[in-house]
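Participant: Residue numbers (this note's numbering): 1 to 435.
One structure is given below, represented as structure tokens, and several questions about it will come after.
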Amino acid sequence: MCTVARSGDADVAAAVAAARLAQPAWAARTPVERGQLVRELALALQARREELADVVAEETGKSRELALGEADAAIEMGLFVAGEGRRLYGRTTTSAMPNRTVMATRRPVGVAALIVSFNTPLPNYAWKVFPAVFCGNAAVLKPSEHTPLSASLFGELCQEFLPPGVLNVVHGLGGDVGPPLVEHSDVELVSFTGSASTGQWINEHAGRRLAKVVLELGGKNALVVCDDADLERAVEWSLASAFSNAGQRCAAASRLIVFDAVYGAFRERFIDGAREYETGPLISEESLRRILGLLEGSNVIVGGGRLDRPGWWLAPTVVEDVAADADLSRTELFGPVAILYRVRNLDEAIALVNDSPYGLTSAIHTASLHRGLRFADEVEAGVVVVNGGTHGSEPHMGFGGVKQSGTGWREAGVEVLDVYTEWKYVNLISDPALT
Ligand code: NAD
């Protein structure tokens, strides 16, 4: 049990004002110094990883092992970002005019609102807070109402290393605290990770005042199994991709597209695996009810029901005979539900992968280099994996999607610097008499 403030307009105003006040002095520090502070923060996180993982396991219901893995991912992101302190490269370029030196440098954006989902709380905070503050911004973090304690502890840890006001945390329901934050005229950047519907609302409202808006949204990710795949590996990766973290991953494989020739063999093994898969609970009763509602009337071949355990458990679920244009095929469920589709060849598989409003991650299992490369070339997705799961991102790799999975930005990787900085072109004319 934990109790936090249900923040509202006044708390948002205070948090943004604190950030506004702190930002110029923070930006005036060197990137090397800010990088060192982020490194210290990451190391402090490492020292408390078990305690933080316990809290995450408690507030989400996921296994301690999974929560520890997520804590490590958050730490790695901090260490990666800290290293940028000794880089944060700019550029120089040529000019048509003599005696002119042109250089491009990165500048902080200002005050950033960082709004995140519940699904992997620590990496979600780390992916936004570390690069945002490293780049010289001050920030207001709005965690999910489902994971307030991990956010409070993360905020407290940051307070030990960062000057007051550089990172502020506001709690509360998205509908209460989100709008005043998104619409605040002093917030120059809104960086959001969550559902497409909330993202649309944010884009519209922050867009009206022309703020910089960065959206990392959902997925309906596909994993293709070809007739030349290593079937055992393909089944293992499909199970992990569909059901780990109870399918509450933006990168979860919820569409399994299998070649006719191996459909029967794959189906049998996948169903056996699904029956035994130890997943975790969903985040809320509301989420469970929503998914059960969407499954109604469909051909469920395994699972499909609530498990009799404390919390909101949905048995790993496998569905068949769903049309590509059915709601179930196009809606992100964010739960442990995989739909099986049967195709005749790679052309059909690629067409089906792309027949989706989303385009976040994708995977193919094949022994053919040609098929792997063709798939990588033709699928509409921000991440492609050949012979693995529908994830595989690491802190130094840009992550994000196309279509309704995002607005074109990439988080993590050096690409994240484009989110949290603005380019400034500086023209130096060494001899004014010669211009
Ligand atoms: P959500 O959209 O319901 O909530 C996300 C956050 O937005 C929460 O903190 C919530 O309180 C807040 N919020 C709600 N209404 C708001 C408003 N009007 N203004 C501002 N903030 C508001 O999403 P969720 O259920 O927490 O997360 C699941 C979604 O997140 C899935 O769609 C998943 O795919 C996506 N996700 C994407 C990525 C990625 O990197 N692309 C990563 C993780 C999760």
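Think of the CB as a built atom: it goes at the ideal place given N, C-alpha and C, for glycine as much as any other residue.
1) Let me confirm a value: HIS184 is counted as buried when at least 16 other C-beta atoms fall within 10 Å, else exposed. Which label applies?
2) Buried or exposed, going by whether 16 or more other CB atoms sit within 10 Å of the CB of TYR420?
3) Quick check: what's the CA-CA separation for ALA151 versus PRO163?
4) Can you tell me whether ARG209 is buried or exposed, with buried defined as 16 or more other CB within 10 angstroms of its CB?
5) Using 10 angstroms around the beta-carbon of THR93, count the other beta-carbons present and answer buried if the total reaches 16, otherwise exposed.
6) Please name the residue in SER356, GLY392, ALA323, THR279 whose C-alpha comes closest to that of PRO336.
7) If you reduce the DSSP assignment to three classes, tell me which class PRO108 lands in.
8) Let me know the secondary structure DSSP gives LEU256 once reduced to three states.
9) What distance in whole Å lies between the Cβ atoms of HIS365 and ASN387, which are believed to be in contact at a cut-off of 8 Å?
10) So what's LEU88 in DSSP terms, helix, strand or just coil?
11) Within the stretch 356–381, note down every full alpha helix (DSSP H) run reaching 4 residues or more, in order along the chain.
12) Would you mind working out which of ASP72, GLU58, CYS135 sits nearest ARG29, comparing C-alpha positions?
13) Can you tell me which of the three DSSP states ILE291 falls into?
14) If you follow the beta strand (DSSP E) that LEU122 is part of, which residue opens it and which one closes it?
15) Could you tell me if GLY401 is buried or exposed, where buried requires 16 or more neighbouring beta carbons within 10 angstroms of its beta carbon?
16) If you draw a straight line from the alpha carbon of GLN404 to that of ARG49, how long is it in whole angstroms?
17) Using the Cα positions of THR407 and LEU256, report the straight-line distance between them to the nearest angstrom.
18) Pairs of beta-carbons, one from the stretch 381–395 and one from the stretch 354–373, closer than 8 Å: are there three or more?
19) Thinking just about the alpha-carbon of each residue, which of SER287, HIS146, ALA17, PRO316 is nearest to the one in VAL300?
20) Could you name each continuous beta strand (DSSP E) segment of 3 residues or more that falls completely within the stretch 184–229, going from the start of the chain to the end?
21) Please list, in chain order, all residues of the same chain as GLU123 whose beta carbon is under 6 Å from its beta carbon, the five residues on each side excluded.
22) DSSP on MET77, reduced to helix/strand/coil?
23) Check this for me: beta carbons of GLY83 and THR105, under 7 Å apart or not?
24) Tell whether a beta-carbon distance below 7 Å holds between ASP11 and VAL170.
25) Kindly indicate which residue of LEU157, GLU188, ASN99, GLY219 has the alpha-carbon position closest to the one of LEU41.
26) Which same chain residues end up closer than 8 Å to VAL56 when comparing Cβ atoms and leaving out the 5 residues on each side of it in sequence?
27) What's the call for MET77, buried or exposed, on a 16-neighbour Cβ count within 10 Å?
28) Which word fits SER287, buried or exposed, when buried means at least 16 other C-beta atoms lie within 10 angstroms of its C-beta?
29) Going by beta carbon distance, what residues of the same chain come within less than 8 Å of LEU173, once the five residues before and after it are set aside?
30) According to DSSP, is PHE118 part of a helix, a strand, or is it coil?
31) Of all the alpha helix (DSSP H) runs that stay within the bounds of the stretch 48–73, which reach a length of 4 or more residues?
32) Between the Cα of TYR341 and those of GLU320, GLU204, PRO395, SER244, spot the shortest distance and give me the residue it belongs to.
33) DSSP on VAL402, reduced to helix/strand/coil?
34) Considering only DSSP beta bridges, list what ALA113 is partnered with.
35) Along the alpha helix (DSSP H) that carries TYR420, what are the first and last residues, could you check?
36) So is LEU88 buried or exposed if we call it buried at 16+ other beta carbons inside 10 Å?
Facilitator: Let me lay it out:
1) buried
2) buried
3) 18 Å
4) exposed
5) exposed
6) THR279
7) strand
8) strand
9) 6 Å
10) coil
11) 369–378
12) CYS135
13) helix
14) Segment 121–134 is the alpha helix (DSSP H) holding LEU122; no beta strand (DSSP E) there.
15) buried
16) 34 Å
17) 26 Å
18) yes
19) PRO316
20) 189–193, 212–216, 221–225
21) Note that residue 123 is Pro in the sequence shown, not Glu. Around PRO123: GLU70, ALA73, ALA74.
22) helix
23) no
24) yes
25) LEU157
26) LYS62, ALA67, GLU70, ALA71, PRO121, LEU122, THR147, SER150
27) buried
28) buried
29) ARG6, GLU145
30) coil
31) 49–60
32) GLU320
33) strand
34) VAL140, VAL190
35) 416–420
36) buried
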